[in-house]
Amino acid sequence: MKLWRRSVLTTPGLALLLALAGASFAGAQQTVRGTVTDSASQRPLSGAMVTIVGANNRAYTTAEGRYEIANVAPGAVNVRAQMIGYAPLVRQVTVIQGSDAELNFSLPIKAVELEEVVAIGYGTVQRDNLATAVSTVSAEDITGQANASADASLQGKAPGVQVIQNAGNPGNAISVRIRGSASITANNQPLYVVDGVPVVSEDLSQLGLGGQGIRAITGLSAEDIASIDVLKDAAAASIYGSRGSNGVVLITTKRGQAGKGTITFNSYIGTQSVSKKLDLLNGPQYLEYMREAASNDGYDPNDYFPTTGANTDWQDQVFRSAPISGAELATAGGSERMRYRVSGNWFDQKGVVISSGYRRIGGRANLDFSASDRLHISTNVAISGERNDRVEADDNLEGIVGNAIAHEPYFPVRQPDGRFTNISDGMAYVNAVDLATHNTTRATTNSVLANVEGRYSVTPSLSLTSRIGVDFYDLTEEQFQSPLVPGSDGAKYGGVAKRGYSNARRYVWDAFGNFDRTFQTRHVLSLTGGTSVEYEKRDNAFLRGELLPDATMKEVTNATNVTQYSGTYAETGLLSFFGRANYTLDEKYLFGLSFRSDGASVFGPDNRYGFFPGGSVAWVASREGFLANNKTITLFKLRSSLGRTGNQAIGDYPYQTLYCSSNYGNEAGYYPCTLGNSRLGWEKTTQLDLGFDVELWNGRAALTFDWYRKRTSDLLLSRPVPGNTGFTSYVDNIGGIQNKGVELSLTAVPIQPSRADGFRLVSTLNLSFNRNRVTALYQDQPFSTGYYDINRVEVGHPLGAFHAYKFLGVDPATGDAIYKDVNGDGQITSADKTFVGNPWPDVTGGLTTTITWKRFDLTGFFQFSKGNDVFNGMRVFSDEGGYNYDNKFADVLHRWRNPGDRTDQPRASFDGTSGARLISSRFIEDGSYLRLQDLTIGYQLPDRWAASIGMANARVYVRGQNVFTSTDYSGYNPEVNSNGSTSNASLATDFYAYPLARTWSFGVQAGW
Amino acid sequence: MSKTNLMRGVRMWTRSGLLLALTLGAGACKDLLDTVPPDSAPEDKAITTPAGARVALAGAYAALQNGYYYGGTMTHFGDLYSDNAVHTGTFTSYQEAAQHDFFADNSDVTGMWNNIYNAIKRANTLIAKVPNVTGFGAGEQEQILGEAYFLRALHYHNLVKYYGGVPLRLEPVVDPRQIDPLPRATVAEVYTQILADLNQAITLMTNATEPTNHATLGAAHALLARVYLYQGNYPQALAEARTVDGYGYQLAGNYASLFNSDAAVTPENIFTLTFTSNLSQANLLGYYWLSDALDVGAGRYEMAPSQDLIDAYDTTGTDARFLWNIQPDPSGDGYVEGAAYGTKFPTPGGAEDFHVIRYAEVLLIKAEAFARAGTLDSAVATYNLIRERAGLADHVLGADVTTQADVLAAIDHERRLEFAEEGDRFPDLTRDPTRAIALLGLSGPNRLLFPIPQAEIDVAPEITQNPGY
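Put into structure tokens, the structure is as follows:
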């Protein structure tokens, strides 16, 4: 021991920590013991945690409710007892040298359960002592969700967190925005940290499938998650420095507890169907409309259309009801020395669009080993495999959904001879059913997420932790485009086979010390300091081959020509130092300071290191004398924080001036492809947060409120240069964005029973109001992006605001569309485009209501979004007057037909001369919605029933997801973005996005 | 393992971890943070050896393959903006071209500008760096530099044809903070630079006619002839065409053989641009013309031959160019606009090489120069070579054509039929603005030039827009 201490002391920096810790080493130590009981029933509580406040000593109660904490220094000590479902209690006891102390606790049932321990990065904190803005989503909110992506469960559950599904295909990559978007070109997704390891969460897919993405985070099973903590303000996120600007999602997985081993089994099976179909024309309506369009513009309709035809509902042809199932088996337990939780999970979701589906199988082993009283070792190992059967969608002439919407309904699916109808029969697009039958697109991923951590308690106050984590992610993609589908790409090239591999290897090594100590009972000091090294290497290879000998030969190896190939890797490194000091005076005044210094390989040598500080102050007014015994206000805390975070996600080598390959025939070639910028640095976000937490009547009602202002400057922006230089842009720190908002979370228990199984009603409401505004651009020049340049990035406007012609109505005399002549020059030109909508909601939120009574439980979860607009890009082809052969929205049924008709629907026009084709506010729709996202009714089987089938306890439930949606939006789903999860400014666009499923499932949760 | 041993092991592990932290913090971080891409070359190492110069030269040719340049837009728009083609697809940027009514933010007009200048950048980089490279074999350094000057001249000529006077960027930009703002040069200044570059190329180059997918002396003289023709300097155009004759080029015996294979080798090839089936080196030329209705496979069918072009041919079916360039719909509607397809580039895959300049053009330049000089018999004899190859009867002076205007009209006609779908028609028509405006139904002379891309003017206010945009 001495040897070890001496060697630590030789290490500069740690010497100070040890000197502080050393103070506690003098004198003999005593034991504190006692019991913990339920205040109502007086029954012993097993598994309650008892801690010495301000020290690391802790113990868990036995089955008899007894605990014992050794090595307590003499003097007055505060002892805390806590257990999930009960209000924690702190009692003081004076430990006298030479005699052990006895202290009993009687815990009251808590009206509202909040996670008491909050992960804050490189440590945890009691929620009472938290001075920053951190939202927590607990396991109960995550479990049983028939959802591939665990972070989808943040939707409506955490204020300030906006989740957008983008599209409804199984396993799709979702968008998560914490307090708005703070970047235009870099990543806007938060940093994900699983058990301390920042994980790979990017989309590494090499097959572009419109808004459908693949994200590494889907490999994590929701059933393994104990809690998700979201670091929202800069003071909390600054501990993750250069990656904190988008917030940090800390995921903690479940661990074993000492005691009797448990086995839990969760399983559900269900069925899904499309929650909505588009209201399109049927065969006769289509022919009538299109024939009228031709006549209106002087054509003979008989040259283009038959008078009668089939009447096919193409949507019905590609949609189906599809099964979904999931199961998880976990066993947990252990002794004080060794604890374990081992689990395996399975998830299988067939898509509601034919030929699509998603499947995952995974396992996790979390082990904790106490080698001695001082040395604790834990390991987490998770492996998962996913298979994603994808369909082309969105911006693709071979999209299954898109083509089903576009197909002329007067064509049958098959000709009388059995072959699929196709372009050669006069259809405008390749037969969607034919495509789904013959073509395949599959992504397979395997991932390993593992870490091993050693924590050594040098003294009861000081611990040193070293952690090594790896995240290995392998993605294999295969695509086969059959030569048998007439008119398709596959036919064009005689069959196409593609094969791609993407691997990410991330290594993280952290070493840090935590010092927690109480001085003179009123000063609680908590220090954290350490270093972190991260290295990531991403490899990829891709092959595309054409002209396959036979439709049964589907691989690149069969190809006559390899027409596309690539293979390379990229490396990034990050070297960091971080520290945090939290000081609490009298449990009333909370002060926090934190920093991180990051050095990143992606930035130029002139600007490689960044410093990200944060500070917070909070006052727990309810602990002041004037409120101390108040029975109404049981907690009142005022919080404020200020800090700076960064964003560095802009590619791997953006500062370097490089030559890229550009070959000519069989001659190798290169050319200068990028303009370097050695001064390139971080995007910097400065965020001010003011908030308060109120708890009334011991948790019968609780309110958390935050106001924030998030100012981001030095945005990494593609800075345009004159094209006559041969370049078009380089990356520079230019732009600015501000997000300002208010978020609140209100939990109330309007009906609280006197007995544990009485009628209980709990409601939680989350509301988030965020206002996003671009504050600076290169020379403040606006630019457009997205489909049809519909999204605008302009100073003073929200990021990606909709910018198009403003539709004023239909001229009753001519049936032509009228647009606003904004600049008044008498003609409609691109200068007349104006702001016509906002993709950002005014408010988003969720309302969860849970009723429990006897053995029944009922949960309803509504989510909503108000004030957001959606660009319905499908109308570009299906509400354009008849210029395209695409089927039309049924709105055209009330079109202008005769002079004098008053309507908002322009006349049918085969040449597009009615003006209906112009991309205008006609295609911007209100995307506000209210959705009953989750409705669950559960029943806890009586113990003897459970016992008769060999279980200790069992619950059965019926669950509906996406039960209904109330919206004026005419597309499938207003929560959409066909630009995908990686898109920053191209927002809220529906371009034939895969529809959302409604799911009904039946499940069992059982335990032994 | 006993507890003591375990403890010792764990201590060793923890301690070495701490040591690792300090060493990483001090030294190893340099490697961690100084990552370099394995698939790119740093600027200071590029073009420092003869091999590097050759590679950069290949890169300079690859720029011409771009889908906004010869590989697509520029070639397409040469026909689509003229009376040769109609728009049948969905791209609004193409629709604007067909309607002779561009918005200044047209994505293809912007892409074409940016990519021609990207090609100029590659030539400028060679011109700036190659003189400092040592170790070449005899004449190679000069040949490479000559080719770079040739390419720069070709690019500026393409720019001046479509955009008018443009900024003359003659040095490569390497530091984004040191970009000279360049206003537009006049058309005359651009032509002066083109001529200077071509003459420099001729001085430096030693390759006479081979390889035909690189610039050679023959190609430089052919391009000079074209440039003089555009300037209306017919005597010089004639002189250069005659110089080209001296290199021994001949018309390919069979018109189709110029286009019917991926890498057609004919005696007519002067400068051909290589394309391959590799998607990064494939062109979009056929893909935009072809239709699913044809056996060759699916194309975009973004554009189609106009009735005016179809009718310009002798539709009785003896003109080899008609048979190759246009095919009727298999359903049997015949040669009707909208049901006939442009088939000069026979597959949608885009592997066929493209003739940037071929001997037929030199012959037509020569014929026109003769005609302008009043030497009508020589003019007719020259363009008759083109008619004969197409399988048509010779014109007889005094019978088929009589006046100078007749001969010029006949040459114009042959040029249209010969180069249909090769992007020649619109720029060629602009040599006679009055006629172009009438023929294309343009709203005025402003429509004879494309707009300067709005993005360019936004970032470089010193550049003025063409009138009317």
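Going line by line, the protein sequences match chains A and B. The first sequence begins at 1 in the working numbering and counts up one residue at a time. The second sequence begins at 10001 in the working numbering and counts up one residue at a time. Ideal placement from N, C-alpha and C gives every residue a C-beta, glycine not left out. Source: prediction; values computed, not measured.
Checklist entry - Does DSSP classify Gln317(A) as helix, strand or coil? => result helix
Checklist entry - Among residues of its own chain, excluding the 5 on either side of Phe807(A), which ones have a beta-carbon nearer than 7 Å to its beta-carbon? => result Ala817, Tyr819, Ser920, Ser921, Arg922
Item to check | Distance between Asn10446(B) and Asn10466(B) (C-alpha atoms, nearest Å) | outcome: 7 Å
Checklist entry - Could you check where the alpha helix (DSSP H) with Thr10382(B) kicks off and where it finishes? => result 10376-10390
Checklist entry - Using the beta-carbon of each residue, which ones in chain A are nearer than 7 Å to Thr10274(B)? => result Tyr664, Gly665
Checklist entry - Under the three-state reduction of DSSP, which class applies to Phe603(A): helix, strand or coil? => result coil
Checklist entry - Got a sec: which bits of the region 10444-10455 of chain B sit with their beta carbon under 8 Å from any beta carbon on chain A, in order along the chain? => result Pro10453, Ala10455
Checklist entry - If the cut is a Cβ gap below 8 Å, which residues of chain A does Thr10125(B) touch? => result Tyr671, Pro672
Checklist entry - Going by Cα to Cα distance, which pick from Thr764(A), His407(A), Asn104(A), Leu250(A) is closest to Ala701(A)? => result Thr764(A)
Checklist entry - Listing by chain order, which chain A residues have their CB less than 8 Å from the CB of Gln10281(B)? => result Asn663, Tyr664, Gly665
Checklist entry - Residue range of the beta strand (DSSP E) that Ile10357(B) falls in? => result 10354-10358
Checklist entry - For the candidate residues Gln961(A), Asp990(A), Ser983(A), whose alpha-carbon lies nearest to that of Glu975(A)? => result Asp990(A)
Item to check | Asp10424(B): contacting residues in chain A (beta-carbon distance under 8 Å) | outcome: By Cβ distance, chain A contributes nothing, its closest Cβ being about 23 Å from Asp10424(B), past 8 Å.
Item to check | Stretch pair the region 10211-10221 of chain B + the region 10144-10157 of chain B: three plus CB contacts closer than 8 Å | outcome: yes
Next on the checklist: Using a Cβ-Cβ distance cut-off of 9 Å, determine whether Tyr653(A) contacts chain B.
Outcome noted: yes
Checklist entry - Nearest chain A C-beta to Ser10040(B) closer than 9 Å, yes or no? => result yes
Item to check | 9 Å Cβ cutoff, Val163(A) in contact with chain B | outcome: no
Checklist entry - DSSP on Ala10455(B), reduced to helix/strand/coil? => result helix
Item to check | For Lys492(A), the three-state DSSP class (helix, strand or coil) | outcome: helix
Next on the checklist: Taking beta-carbon pairs under 7 Å, can you tell me which members of the region 194-207 of chain A lie near chain B?
Outcome noted: none
Checklist entry - Gly10441(B): buried (16+ other C-beta within 10 angstroms of its C-beta) or exposed? => result exposed
Checklist entry - Val10190(B) bridges to which residues according to DSSP? => result Its beta-bridge partners do not exist; DSSP assigns none.
Next on the checklist: With a threshold of 9 Å between beta-carbons, can Phe862(A) be considered close to chain B, or not?
Outcome noted: no
Checklist entry - Touching or not, the region 673-682 of chain A and the region 625-636 of chain A, by the rule of three or more beta carbon pairs under 8 Å? => result no
Next on the checklist: Rounded to whole angstroms, what is the Cα-Cα separation between Gln687(A) and Gly399(A)?
Outcome noted: 42 Å
Checklist entry - For the candidate residues Asn514(A), Val413(A), Thr444(A), whose alpha-carbon lies nearest to that of Thr312(A)? => result Val413(A)
Next on the checklist: Taking the alpha helix (DSSP H) that Tyr10094(B) belongs to, which residues open and close that run?
Outcome noted: 10092-10098
Checklist entry - In the region 294-361 of chain A, which residue ranges form an unbroken alpha helix (DSSP H) of at least 4 residues, counting only runs that do not cross its ends? => result 314-318
Next on the checklist: Rounded to the nearest angstrom, what separates Ile10460(B) and Gly171(A) at their Cα positions?
Outcome noted: Note that residue 10460(B) is Ala in the sequence shown here, rather than Ile. Roughly 45 Å separates the two Cα atoms.
Checklist entry - Met49(A) by DSSP, collapsed to three states: which one? => result strand
Checklist entry - Measuring CA to CA, which of Ile949(A), Val620(A), Asn647(A), Ile790(A) is closest to Phe611(A)? => result Asn647(A)
Checklist entry - Rounded to a whole number of angstroms, what is the C-alpha to C-alpha distance between Ala10098(B) and Ala436(A)? => result 36 Å
Next on the checklist: Can you tell me whether His1014(A) is buried or exposed? The criterion is at least 16 other CB atoms within 10 Å of its CB, across all chains shown.
Outcome noted: An answer regarding residue 1014(A) cannot be provided, because it is not within the stretch 1 to 1008 covered by chain A.
Item to check | Status (buried if at least 16 other CB within 10 Å, exposed otherwise) for Gly36(A) | outcome: Sequence inspection shows Val at residue 36(A); the Gly mentioned does not correspond to that position. It counts as buried.
Checklist entry - Given Met951(A), which residues of its chain have a CB within under 7 Å of its CB, disregarding the five upstream and five downstream residues? => result Ala1006, Gly1007, Trp1008
Checklist entry - Using Cβ-Cβ distances below 9 Å, what residues of the region 809-832 of chain A are close to chain B? => result Thr829, Ser830
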